[in-house]
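Numbering (UniProt numbering), first residue to last: 1 to 378.
No residue lacks a Cβ here, since even glycine has one placed at the ideal position from N, Cα and C.
All values reported here derive from a predicted model rather than from experimental measurement.
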Ligand SMILES: Nc1ncnc2c1ncn2[C@@H]1O[C@H](COP(=O)(O)OP(=O)(O)OP(=O)(O)O)[C@@H](O)[C@H]1O
Ligand SMILES: [Mg+2]
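Below, the structure is given as structure tokens:
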């Protein structure tokens with residue numbers, strides 16, 4: 001775990017970082033994001049001891065880094081800097097193997113074997129690249145080598161300063177995917193700096209939004225989108241961004257609350273009457289604790305000649321439902337797979353909490369698009 005505690009950095013009278021506090025869990029990927037000059041690179045440099053804080057302390061696994069040997073510390077930390085920082089006069093092999101060979105923790109054979117694996121991991125064909133110089137590789141390929149080199153050091157911690165910023169959107173997207181997959185296997189502790197909110201949302205376990213040397217919000221992508229801490233964050237993430245990310249839209253955001261429901265001890269005749277007055281063609285059946293038991297449709301009721309029967313005996317109990325935390329992508333998936341036009345929503349304690357219908361979906365989504373247009377026009 002990395003912990004930044006009350007860290008302030010001043011240069012002359014200029015405050016660059018103003019009492020920063022940040023905890024980064026082992027094995028998680030945290031994105032630092034903010035406008036140019038807000039202090040992102042400075043934060044990475046402090047962790048790597050390229051510069052010292054004016055006050056405060058940084059701890060790695062509960063040990064203050066000010067007391068650690070700088071070179072030793074740096075060997076524990078991989079640093080991918082913008083424009084890769086590959087040594088131009090060294091081949092790809094030499095670039096990747098430099099630190100492992102210096103460290104002498106592994107035999108040469110082991111190091112060479114791991115180089116082959118690493119190149120494969122970052123999607124490059126070993127024999128095509130190993131003896132080339134960085135200048136013979138495209139920007140995206142150099143970035144991949146930069147990532148491979150950081151991993152090769154065996155570092156538990158990897159600092160990445162806008163590693164993908166110079167790349168075209170397609171290469172960038174594919175490297176984001178690769179980083180995500182790599183991280184899934186390797187579980188390094190990664191701090192990733194970017195200017196790009198979409199990138200942050202795609203890869204971050206948590207996002208730290210910085211504003212002028214301070215932390216504006218530090219939370220999961222979901223919580224930042226759903227509950228921006230202040231106006232700065234709101235403007236930063238962009239209005240209505242949540243609606244561009246359907247995986248952040250939850251059933252509870254789009255369901256009809258208090259859908260028409262009945263107790264199973266009602267008779268068919270009562271059920272029909274309730275449907276008629278509330279203008280619906282099916283009823284959700286719940287028990288006295290509001291736990292969803294079944295569903296009856298107009299058709300079920302009409303098919304039954306004995307209108308004095310209880311709903312309990314005719315309701316269908318093979319129920320499809322979603323949880324109120326399920327997201328729009330899951331919900332649409334269930335609705336399409338089973339070709340249903342509506343789906344009940346239940347809470348964790350199995351109580352009925354709402355209903356999603358095709359028309360409720362449409363109206364919620366279209367309202368959002370209207371709002372978006374208004375905000376664009378305004
Ligand atoms: N050695 C220095 N001396 C004086 N000011 C500095 C020094 N290093 C950084 N700064 C200032 O500190 C602020 C933060 O710089 P930093 O490089 O951390 O920003 P950043 O968030 O990484 O920006 P960018 O997105 O442009 O890379 C800037 O205003 C910068 O000018
Ligand atoms: Mg920077």
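Bridge-paired residues (DSSP) for residue i
i, result
"residue 122", "Bridge partners of residue 122: none, in fact."
"residue 301", "Paired residues: none, contrary to the question."
"residue 207", "31 and 219"
"residue 398", "Here the chain has residues from 1 to 378 only, and residue 398 is not among them."
"residue 310", "267"
"residue 10", "15"
"residue 285", "262 and 294"
"residue 22", "4"
"residue 91", "Its beta-bridge partners do not exist; DSSP assigns none."
"residue 194", "33"
"residue 257", "354"
"residue 214", "211"
"residue 250", "327"
Test item: CB-CB of residue i and residue j under 9 Å
i, j, result
"residue 108", "residue 119", "no"
"residue 317", "residue 293", "yes"
"residue 224", "residue 209", "yes"
"residue 327", "residue 250", "yes"
"residue 256", "residue 357", "yes"
"residue 186", "residue 151", "yes"
"residue 183", "residue 164", "no"
"residue 384", "residue 95", "Residue 384 falls outside the range modelled here, since the chain spans only 1 to 378, and no answer is possible."
"residue 29", "residue 79", "no"
"residue 200", "residue 207", "yes"
"residue 295", "residue 285", "yes"
"residue 60", "residue 158", "no"
"residue 5", "residue 56", "yes"
"residue 21", "residue 215", "yes"
"residue 219", "residue 227", "yes"
"residue 302", "residue 265", "no"
"residue 92", "residue 137", "yes"
"residue 62", "residue 110", "no"
"residue 122", "residue 147", "yes"
"residue 114", "residue 103", "no"
Residues near residue i in its chain [Cβ-Cβ closer than 7 Å; skip 5 each side]
i, result
"residue 378", "Bear in mind that a pLDDT of 47 at residue 378, under 50, signals an unreliable position, so the number given afterwards is only what the model happens to contain. Contacts found: none."
"residue 275", "281, 283 and 298"
"residue 143", "84, 163, 164, 167 and 175"
"residue 40", "32, 34, 193 and 210"
"residue 212", "38"
"residue 341", "357 and 358"
Residues near residue i in its chain [Cβ-Cβ closer than 6 Å; skip 5 each side]
i, result
"residue 280", "260"
"residue 26", "1 and 189"
"residue 153", "78 and 99"
"residue 307", "268 and 269"
"residue 321", "344 and 346"
"residue 160", "80 and 192"
"residue 205", "28 and 29"
"residue 360", "256"
"residue 387", "Only positions 1 to 378 of the chain appear in this structure, which leaves residue 387 out of reach."
Proximal residues to residue i (C-beta, below 8 Å), its chain only, five neighbours per side dropped
i, result
"residue 238", "197"
"residue 42", "9, 16, 17 and 51"
"residue 354", "251, 252, 255, 256, 257, 258, 259, 324, 344 and 345"
"residue 290", "261, 351 and 352"
"residue 155", "75, 76, 77, 78 and 188"
Ligand 3 heavy atom lying under 8 Å from the CB of residue i
i, result
"residue 193", "Ligand 3 is absent from the structure shown, which contains only ligand 1 and ligand 2."
Review point. For the UniProt domain "CBS" (315-372), which segments carrying the alpha helix (DSSP H) assignment without a break, of at least 4 residues, lie completely within its bounds, in sequence order?
Key: When DSSP assignments are scanned along the UniProt domain "CBS" (315-372), the uninterrupted stretches of alpha helix (DSSP H) that are 4 or more residues long and fall wholly within it turn out to be 328-337.
Check your understanding: Can you pull every residue whose C-beta falls closer than 5 Å to some heavy atom of ligand 1, listed in chain order?
Key -> 11, 16, 36, 37, 38, 39, 40, 41 and 42
Review point. Which parts of the segment 40-82 are runs of the beta strand (DSSP E), unbroken and 3 residues or longer, counting only runs that do not cross its ends?
Key: Fully enclosed beta strand (DSSP E) runs of 3 or longer: 55-60 and 77-80.
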